[in-house]
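There are 2 protein chains.
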Amino acid sequence: MIVQKYKDMLSGKSVIRQLSEFATARGAEIGYENVFDYSLGNPSVPVPQQFTDKMIEMLQTESSATLHGYSPSLGITKVREAIAASLKERFGIPYTANHIFMASGAAGALAHAFRLVTEPGDEILTFAPFFPEYNPYVNLTGAVLKVVPANTADFQINFEAFEEMISPKTMAVLINTPNNPSGIVYSKETLEKLAAVLTAKSEEYGHDIFVISDEPYREIVFAGVDAPCVSAFYDNTIMCYSFSKSLSLPGERIGYVAINPACKEAETMVVMCGQISRGIGHNCPPSIIQLAVAEVLDLTADLSVYETNMNLIYNELMDLGFTCVKPGGTFYIFPKALEEDAKVFCEKALKYDLILVPADSFGCPGYFRMAYCIDTEKVERSLVALRKFVETEYPNR
Amino acid sequence: MIVQKYKDMLSGKSVIRQLSEFATARGAEIGYENVFDYSLGNPSVPVPQQFTDKMIEMLQTESSATLHGYSPSLGITKVREAIAASLKERFGIPYTANHIFMASGAAGALAHAFRLVTEPGDEILTFAPFFPEYNPYVNLTGAVLKVVPANTADFQINFEAFEEMISPKTMAVLINTPNNPSGIVYSKETLEKLAAVLTAKSEEYGHDIFVISDEPYREIVFAGVDAPCVSAFYDNTIMCYSFSKSLSLPGERIGYVAINPACKEAETMVVMCGQISRGIGHNCPPSIIQLAVAEVLDLTADLSVYETNMNLIYNELMDLGFTCVKPGGTFYIFPKALEEDAKVFCEKALKYDLILVPADSFGCPGYFRMAYCIDTEKVERSLVALRKFVETEYPNR
Chain A
57 MIVQKYKDML SGKSVIRQLS EFATARGAEI GYENVFDYSL GNPSVPVPQQ
107 FTDKMIEMLQ TESSATLHGY SPSLGITKVR EAIAASLKER FGIPYTANHI
157 FMASGAAGAL AHAFRLVTEP GDEILTFAPF FPEYNPYVNL TGAVLKVVPA
207 NTADFQINFE AFEEMISPKT MAVLINTPNN PSGIVYSKET LEKLAAVLTA
257 KSEEYGHDIF VISDEPYREI VFAGVDAPCV SAFYDNTIMC YSFSKSLSLP
307 GERIGYVAIN PACKEAETMV VMCGQISRGI GHNCPPSIIQ LAVAEVLDLT
357 ADLSVYETNM NLIYNELMDL GFTCVKPGGT FYIFPKALEE DAKVFCEKAL
407 KYDLILVPAD SFGCPGYFRM AYCIDTEKVE RSLVALRKFV ETEYPNR
Chain B
57 MIVQKYKDML SGKSVIRQLS EFATARGAEI GYENVFDYSL GNPSVPVPQQ
107 FTDKMIEMLQ TESSATLHGY SPSLGITKVR EAIAASLKER FGIPYTANHI
157 FMASGAAGAL AHAFRLVTEP GDEILTFAPF FPEYNPYVNL TGAVLKVVPA
207 NTADFQINFE AFEEMISPKT MAVLINTPNN PSGIVYSKET LEKLAAVLTA
257 KSEEYGHDIF VISDEPYREI VFAGVDAPCV SAFYDNTIMC YSFSKSLSLP
307 GERIGYVAIN PACKEAETMV VMCGQISRGI GHNCPPSIIQ LAVAEVLDLT
357 ADLSVYETNM NLIYNELMDL GFTCVKPGGT FYIFPKALEE DAKVFCEKAL
407 KYDLILVPAD SFGCPGYFRM AYCIDTEKVE RSLVALRKFV ETEYPNR
């Protein structure tokens, strides 16, 4: 018999995906260039030329076995060494290859992290607003995701609610900074306070509580914003990184888990990831992509367009009287809707070919997300539509 | 706390891996060319030039978003279409894109197949000799792998033992033909009889029993051998394919699940795979590799060396008086050891720099496996060592 729980999931279609499909269908009618599609977080800038050049060079010169042979189960050693050296240089934390496990993107990294530190029934806390895929990612392991309500004042952590919800069943706290969907970067003060709470609670409960730090937006941080390294604040930190956004190659499924060397059993945890892989059919990111990424570790795609877009949108939102915390990074912005039900608000926006995502599924009703990884020229045209939408639908706001 | 079950697995090191590491260490002493390393099933022939040419052409001409963007969660549509068309043309089964789910190699395909049709506590039966990784692959899902003893006469299925072991808890039967480690191809008669038993038992138990057909060696079949398509014999067949061996790119993690269109809910099962992915951090094989493989679907690497090697080894084994069923495909051969304990036999072989793998972990004690995906010149030199080993250690056999 086929398994009912997966079949049941088919009816719960993601609102982001529905809106993206609407945008595509509408684009077929009026030209996709006329649809202001802010639905999907799909990088819009090209991969660095050095990555492409390196791929071609390797294909022309390296042996088939070197390029396409099995990767060792923890990842290709020289790739792990290069990543550890880059992290050490950049953050001053003594990572070695033995702290790095190569994973197929952030989703692959998180799949390992959850299994490292939770058993069925254990709880993982995360903070609203949050990436809705965390629900199936965690809950399908048998662990339970609990969401701490948002601090809508600045989208830092709501510590009061957090301290009420943390319990002896809490084995890990899942954070995402810079944050999808708010665009907010957790401050030094937030991370210090988080570490203090977790240290005290680990002591009180008599077991370690881990921070699982999902960092795909680490390289997209705007001018004047300090984005502190999460691992520097708390020993028991499992960093989950993806090159999807920094290098604009989300389809190539490449990232890593980096266990803080200060973690008691850091090296054991890395080899445990190799065991977890056997149960989930993982078996390493593609060899040729591992090798190519190792050559461009300290490069990024040209990410400047995201900040340009953010400033244009943020300024217009302010001018139109929206409530919105200014993003510190990512390619998302997270304003408050102009009426209580953000679903209704986003529905009305569709008439103006504005594809905005209501934030109910992000754990923050009343808000909406715009993913501005699109051309700046289109952003500029969209703002005309946004003004018309607001002035027509909410004339007395 | 870190999870004990994965930590416990670290002590159970695979005998294949241990022997492979021994071979590498011995190679450092005497030159790897002098170590007759039959331990690992790592393809030795290069990827087809057309694959490399296509990769370079795409990197030079296609946009970054096309090559490296997110793949749809079931795989890139035109790739699924091309695979379905190829399967339909070749096997006469009416596959469409809606029956194909792109997976990261056979391991990824199997991870989805097991979750499609079993819940924790359900049983999957497989047949000795079998690929030992099936143990963690299945058991870490919560289902239970049970192994039907081998039919050592010809390594077809031991139906007597099978019918004793099948029970209402059996939700799937996992087969692998051409087989690792025996090299045997299941005959038409075996597959017909298997289908008949499963049809009768499905009826008797009142639930479907699926065949999960692991087919990474499908393209490596030797002259005069008929390798029937498993799906043609039984409607409820989930084909798990990998391009690792046929195209010699095991590191690129590319394969697929193909659900037999005759399966009652075939198309639903494919979209369910997309849900399963969310729980195991899968998210599709690499986009660029999907696109490149679609261009060389009906090609293979030059696989002829495997048959050449097989014939050399088989003839020598016969001449030396071994008991061995002649392989019909793969790059494995599976002779009976010259003493009861194959571990002792293989240990003695090490003195002659012959790296042979005892088959206890393959569910078939007393036998050993040779993976002859190595250069023919080395095979020829190894046979001198094999003769010396046998004549010295077993003079009175």
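Which chain is which? The protein sequence lines are A and B, in order. Residue numbers for the first sequence, in the working numbering: 57 to 453. Residue numbers for the second sequence, in the working numbering: 57 to 453. Note that CB positions come from ideal geometry on N, CA and C, so glycine has one too.
Would you mind sorting residue i into buried or exposed? The rule is 16 or more other CB atoms within 10 Å of its CB.
i	result
B/G385	buried
A/I86	exposed
A/R73	exposed
A/Q346	buried
B/M374	exposed
B/P224	exposed
A/E245	exposed
B/P150	exposed
B/D210	exposed
A/P234	buried
What's the C-alpha gap between residue i and residue j?
i	j	result
A/V361	A/D431	8 Å
B/C319	B/G131	21 Å
A/Y94	A/V413	8 Å
B/L143	B/C285	10 Å
A/Y370	A/S304	24 Å
B/N98	B/F187	14 Å
B/L247	B/M114	41 Å
B/V253	B/T174	19 Å
A/M426	A/R453	21 Å
B/G419	B/I240	15 Å
A/T255	A/I265	8 Å
A/E395	A/M111	50 Å
A/A121	B/T117	25 Å
A/A163	B/P128	15 Å
A/V123	A/E436	What sits at residue 123 of chain A in the sequence shown is Leu, not Val. Using only the alpha carbons, I get a separation of about 43 Å.
A/A165	A/I310	9 Å
A/E321	B/L250	48 Å
A/L355	A/H168	26 Å
Please determine, among the options, the residue with the shortest C-alpha to C-alpha distance to residue i.
i	options	result
A/I268	A/V313, A/S304, A/I276, A/E308	A/V313
A/V229	A/G337, A/K320, A/E179	A/E179
A/E271	A/K301, A/H155, A/Y94, A/L412	A/K301
B/A348	B/S100, B/Y88, B/K134	B/K134
A/K407	A/V71, A/I58, A/V91, A/S67	A/V91
A/D291	A/P317, A/G311, A/S76	A/P317
A/T226	A/A209, A/G97, A/A199, A/P237	A/A199
A/C340	A/N452, A/E308, A/M366, A/A357	A/E308
B/I213	B/K202, B/I231, B/T197	B/I231
A/P383	A/P237, A/V400, A/D354	A/P237
B/V484	B/L355, B/I336, B/M295	What the structure shows of chain B is the stretch from 57 to 453, and residue 484 of chain B is not part of that stretch, so it cannot be assessed.
B/T208	B/S127, B/P185, B/L201, B/Y193	B/P185
A/P391	A/E372, A/F424, A/D416, A/E363	A/F424
A/E260	A/Y273, A/F289, A/I222, A/S243	A/I222
Would you give the residue range spanned by the beta strand (DSSP E) that residue i belongs to?
i	result
B/E179	179-183
B/M158	156-159
A/V229	226-231
B/F424	424-427
If you run the structure through DSSP and keep just helix, strand and coil, what is residue i?
i	result
B/P414	strand
A/L359	coil
B/F445	helix
A/F266	strand
A/M57	coil
B/R274	coil
B/T293	strand
B/K404	helix
B/G456	Nothing can be reported for residue 456 of chain B, as the shown portion of chain B is limited to 57 through 453.
B/A84	helix
A/I200	Looking at the sequence shown, residue 200 of chain A is not Ile but Val. Three-state DSSP puts A/V200 in a strand.
B/G385	strand
A/F92	strand
How is the alpha helix (DSSP H) around residue i delimited, first residue to last?
i	result
B/S304	Counting along the chain, B/S304 falls outside any alpha helix (DSSP H), and DSSP gives it neither H nor E.
A/V313	Segment 311-315 is the beta strand (DSSP E) holding A/V313; no alpha helix (DSSP H) there.
A/K244	244-261
B/A141	133-147
B/F218	215-221
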